[in-house]
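Here the structure is laid out as structure tokens; the discussion comes afterwards.
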Amino acid sequence: MSTSRFFKELAVLRARTAGRALRGFYAEPVSWLAVVVTTTVLAYAGGAVMFWFHALYRGEAGPAISPWYHWLLDSSLGFFALMPAVFLIVPAAVWIMQRSGQGSRLARTGRYAALVGAIFAAVTGPGPLLHDLAAGRGTWLARSAQTLFGVDQSVLHRQEVVHSLMSESLWQVALGIPVYIALACLGVVTIRVIVAAMGRRDRPMAPRPPAVVAQAVPDQP
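Each residue of the sequence shown is one higher than the last, beginning at 90 in my numbering.
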């Protein structure tokens, strides 16, 4: 067998193994809950921080609409665009966390949140560039948002500050790492609260919690 064929077959085998692991991870509804909650917290709460930093503090130009509508627009775009990434990040973080050892509940939660937040921050590095291309001032989406939400004159006449795309991306990742790690912790807490509420509601009929909780919410013994 040639070397190239060996590595090709090895890659196919690993892809199939990863596919089976991913299907197994998402065989339980709690895993889907983890993805939806995590994406929501990172996109909307994280989007609020990044909107303040890029648009208000650094003067990034965008649609001439109310800052609240601008945040809602950017965060909603981020929610749908980044959910496929979170779909892969969550099981990857659980897998890495499990291979790194057990430790205390707090340590496992910290490792999980650090992995999710750091990977997510790296993924969002190109975010400012994609924002300028999709919703920057003068784009079709920006004009449509101004038609839908109305033009905010104070934003329209605000002086635009131009930064290099490299600078914007580096700041996105540098600020994103601590912000998204903190929000990943918030996501874990939110998931636990929802799972606990569901467990109390379903306890008379189904006293056993879903087995995937130990994976999707890394706080179980």
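Note that beta-carbon positions come from the ideal geometry of N, C-alpha and C, so glycine has one too.
These numbers come from a predicted model, not from an experiment.
Taking the Cα positions, Trp160 is about 20 Å away from Ala273. Annotation: Thr228 is outside any alpha helix (DSSP H) and is labelled neither H nor E by DSSP. By the C-beta criterion, the stretch 152-172 is judged to be in contact with the stretch 227-239, since at least 3 inter-stretch pairs fall below 8 Å.
In this structure, DSSP gives Asp241 a state outside helix and strand, which the three-state scheme calls coil. Distances from the alpha-carbon of Gly136 to those of Gly199, Ala210, Arg188, Ala196 put Ala210 closest. Under the 10 Å beta carbon count, Glu149 is surrounded by 16 or more other beta carbons and is classified as buried.
Nearest C-alpha to Gln248 among Arg226, Arg197, Val119: Arg226. The beta carbons of Phe140 and Leu264 sit no closer together than 8 Å. Between Pro173 and Leu162, the CB-CB gap reaches or exceeds 8 Å. Spatial neighbours of Val130 in its own chain (CB-CB distance under 6 Å, excluding positions within 5 residues in sequence) are listed in chain order as Leu272, Leu275, Gly276.
Here His252 is exposed: its Cβ has fewer than 16 other Cβ atoms, across all protein chains shown, within 10 Å. Going by C-alpha positions, Ile154 is about 44 Å away from Ala110. By a beta-carbon distance limit of 8 Å, Ala182 contacts Ile208. Their separation comes to about 7 Å.
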